[in-house]
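Participant:
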Amino acid sequence: MNTRASREPRPHAAPIANNDCFEQLMHLVSMNGYAFTRTLLPKSSTQEIAIRLGSILDPQKIAPGHGIATVQTLKPRESSDLDLQTYGGVYGRNEFPLHSDYAHWGSPPHFLMLRCLEGPPLGEHLSTASL
912 MNTRASREPR PHAAPIANND CFEQLMHLVS MNGYAFTRTL LPKSSTQEIA
962 IRLGSILDPQ KIAPGHGIAT VQTLKPRESS DLDLQTYGGV YGRNEFPLHS
1012 DYAHWGSPPH FLMLRCLEGP PLGEHLSTAS L
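The opening position of the sequence shown corresponds to residue 912 in our numbering, with each subsequent residue numbered one higher.
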C-alpha cells in the first residue's frame, strides 16, 4: 500500500452540477494539478467531457499503428491474464507504482482524465490509495 496516499486527507469531491462549472474545474486542475468531482455530466460520454475541458491528444497521430484508443476502458484484472511487459501484467489487482502514461512520447499529454463509470454508492468513499 502507498503509505503517503493513505496518510493524506481525502480531497473534497465537489459536485459539478451544470455545464458552467468547467471553468472552476479547470482552475482546480491548474492550481493543484488534479481535481476530484463527485459527478460530471453523467449522461455525456467521456470524450464529450474531455473536449469541453480542452484539446484531445490523438494517439493515432503520435503513435500510428499501435492501436492506442483515445478513450480507453481500464478494468482491474489478474496479472496472469495480461502481458508481463505491462504494468497490469506485473501488478495485476495490486497497487501500481506512481507513473505517467505516455510521458515518454515526443508530445506527451499535459493531463490525463480518469473517469469512474461504476463507483461506490453516494455517501461511501474510496481511499486516495485506491485512486
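Beta carbons are placed, not taken as given, at the ideal position from N, Cα and C, and that holds for glycine.
From a predicted model like this one, the values you see are computed outputs, not experimental measurements.
#1: Mind checking which residues open and close the alpha helix (DSSP H) that includes residue 963?
#2: Which value, in whole angstroms, describes the spacing of the CA atoms of residue 1020 and residue 948?
#3: Whole angstroms are fine: how far does the CA of residue 1016 sit from the CA of residue 978?
#4: Rounded to whole angstroms, what's the CA-CA distance from residue 940 to residue 984? Just pull it up for me.
#5: Using three-state DSSP, classify residue 939 as helix, strand or coil.
#6: Alpha carbon to alpha carbon, how far is residue 992 from residue 1024? Give it in angstroms, no decimals.
#7: Rounded to a whole number of angstroms, what is the C-alpha to C-alpha distance between residue 976 and residue 952?
#8: Going by C-alpha distance, which of 980, 1005, 971, 998 is nearest residue 957?
#9: Rounded to the nearest angstrom, how far is the Cβ of residue 1000 from that of residue 1011, given a contact under 8 Å?
Facilitator: Per the coordinate set shown:
#1: 957 to 964
#2: 21 Å
#3: 15 Å
#4: 22 Å
#5: helix
#6: 25 Å
#7: 32 Å
#8: 980
#9: The Cβ separation is near 19 Å, so there is no contact.
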